[in-house]
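Residue numbers (my numbering): 460 to 791. Presented below is the structure to which this report refers.
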């Protein structure tokens, strides 16, 4: 489908008192779809080494004060991540395979955001996730205890390990170790967000249809979108209790904003409002850049027999234990 251009204002994300605002400026023409909407289509890369939360030692410092200070932070971070993770007393399977022995094969990115922010979180002003409520802390405690118990079946393993949902897909999307790409498709009444990992598509209607009933819950929630000027706004509710983002609960209200700010730039902003889980709402801003390379399927379980073999091994051990118990009971 063709493209056309129309004179629109470019947007610059600025931070005033920790709150992101879209400031209009005269700028170049940006592409629009044939039906006149801002054109968000394409593959967008959201790698960055800017941490989600501001390191505690930086206190209220919203940005690195100079390019030199930012470069020093980048180099320290890269050096720490590339440190050999193998133990000094020999190479363990856990360190070599599960922990990848160092970060060479991982792809966090190597740069801070262009505005040299010290955290992706811009609100609260301290750049950190607000305190969890007592109810959320209880959920975290229960989930931690459940993970420590032996798994009797696949349903006892986490959704990420089962390749249902996880890693950087969210929602909301958040940079991780690799595969930090999202492909956006648009029609006049629908937007589709295809995240590379776990190769997950979220279909967002733009036609004003009502949300699902409160008792209908989905892995990725129920999303509805609309345009506010040049910004695509996506509101998602109706999450399940099986998924969580940084301690969120099933009644989280997630508001995402996508704003094209240049030929190859897009700003992604999200706000989490979940009074059952966090003491206050919080907001993060993540810059995205156009990726000219194709995005391949993240075949999370294709040819991967790890889960199957783990369960087979456990059942074999169960059978051996039962046989031994019977033999002991019968005196054999």
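For every residue, glycine included, the Cβ atom is placed at its ideal position computed from N, Cα and C. Bear in mind the structure is a predicted one, so any value in this text is a computation, not a measurement.
### Query
Contact check, residue 747 vs residue 505 under 8 Å by CB: the rounded distance?
5 Å
### Query
Under the rule that 16 or more other beta-carbon atoms within 10 Å means buried, what is residue 609, buried or exposed?
exposed
#### Entry: Cβ-based burial, residue 484 [other Cβ within 10 Å; buried from 16]
In this predicted model, residue 484 has a pLDDT of only 44, less than 50, meaning its place in the structure is not dependable; the value taken from the coordinates is given anyway. Burial call: exposed.
### Query
Would the stretch 732-741 and the stretch 579-593 be scored as touching if the rule is three or more Cβ pairs under 8 Å?
yes
### Query
Name the DSSP beta bridge partners of residue 644, please?
651
### Spatially closest choice to residue 675 from 722, 790 and 697, by CA coordinates
697
#### Entry: Buried versus exposed, by CB contacts within 10 Å (16 or more), residue 768
exposed
### Query
residue 680: which of 662, 645, 760 and 526 sits nearest, CA to CA?
662
### Query
Could you check where the alpha helix (DSSP H) with residue 529 kicks off and where it finishes?
526-540
### Task
From the DSSP output, in three-state form, read off residue 583 for me.
coil
### Task
Could you have a look at residue 613 and say whether DSSP puts it in helix, strand or coil?
helix
### Query
Is the stretch 624-642 in contact with the stretch 561-571, if contact means three or more CB pairs nearer than 8 Å?
yes
### Message
What does the alpha-carbon distance come out to for the pair residue 481 and residue 721?
### Response
With a pLDDT of 45 at residue 481, under the threshold of 50, the modelled position of this residue cannot be trusted, and the question is left open.
### Message
Within the continuous beta strand (DSSP E) that includes residue 521, where are the two ends?
### Response
Here residue 521 belongs to no beta strand (DSSP E), and DSSP marks it neither H nor E.
### Query
DSSP state of residue 703, grouped into three classes?
coil
### Close beta carbons around residue 475, own chain, < 8 Å, minus the five adjacent residues each side
Caution applies to residue 475, whose pLDDT of 36 falls short of 50 and renders its modelled position unreliable; the model cannot decide the point.
### Task
Would you check if the distance between the CB atom of residue 693 and the CB atom of residue 670 is smaller than 9 Å?
no
### Straight-line gap, residue 657 to residue 626 (C-alpha atoms, nearest Å)
7 Å
### Message
Can you tell me whether residue 781 is buried or exposed? The criterion is at least 16 other CB atoms within 10 Å of its CB, across all chains shown.
### Response
exposed
### Task
Kindly indicate which three-state DSSP category residue 657 falls into: helix, strand or coil?
coil
#### Entry: Start-to-end residues for the beta strand (DSSP E) that takes in residue 714
712-721
### Query
residue 592 by DSSP, collapsed to three states: which one?
coil
### Message
Suppose you measure from the CA of residue 749 to the CA of residue 723; what does that come to, to the nearest Å?
### Response
5 Å
### Query
Rounded to the nearest angstrom, how far is the Cβ of residue 731 from that of residue 707, given a contact under 8 Å?
6 Å
### Query
Cα separation between residue 649 and residue 665?
5 Å
### Message
In this structure, how does DSSP classify residue 489 when only helix, strand and coil are distinguished?
### Response
strand
### Message
For residue 457 and residue 644, which I take to be in contact (beta-carbon distance under 8 Å), what is that distance rounded to the nearest angstrom?
### Response
Given that the chain is displayed from residue 460 to residue 791, the structure contains no residue 457 and the question cannot be resolved.
### Query
Which residues bound the beta strand (DSSP E) around residue 754?
Taken as a continuous stretch (DSSP letters only), residue 754 belongs to no beta strand (DSSP E), as it is neither H nor E.
### Task
Check each candidate in 621, 683, 507 and 576 and name the one with the smallest Cα separation from residue 828.
Because residue 828 is not part of the residues shown, which for the chain are 460 to 791, the question remains open.
### Task
Look at the Cβ atom of residue 574, then the Cβ atom of residue 513, and state whether they are nearer than 9 Å.
no
#### Entry: Cβ-Cβ separation, residue 533 to residue 502 (assumed contact under 8 Å), whole Å
Not quite, the Cβ-Cβ distance comes to about 24 Å (not below 8 Å), so this is no contact.
### Task
Assuming residue 577 and residue 624 form a contact by the criterion Cβ under 8 Å, report the distance between their Cβ atoms to the nearest whole angstrom.
In fact, because the Cβ distance is near 29 Å, the residues do not count as touching under 8 Å.
### Query
DSSP state of residue 599, grouped into three classes?
helix
### Query
Bridge partners of residue 728, per DSSP?
716 and 744
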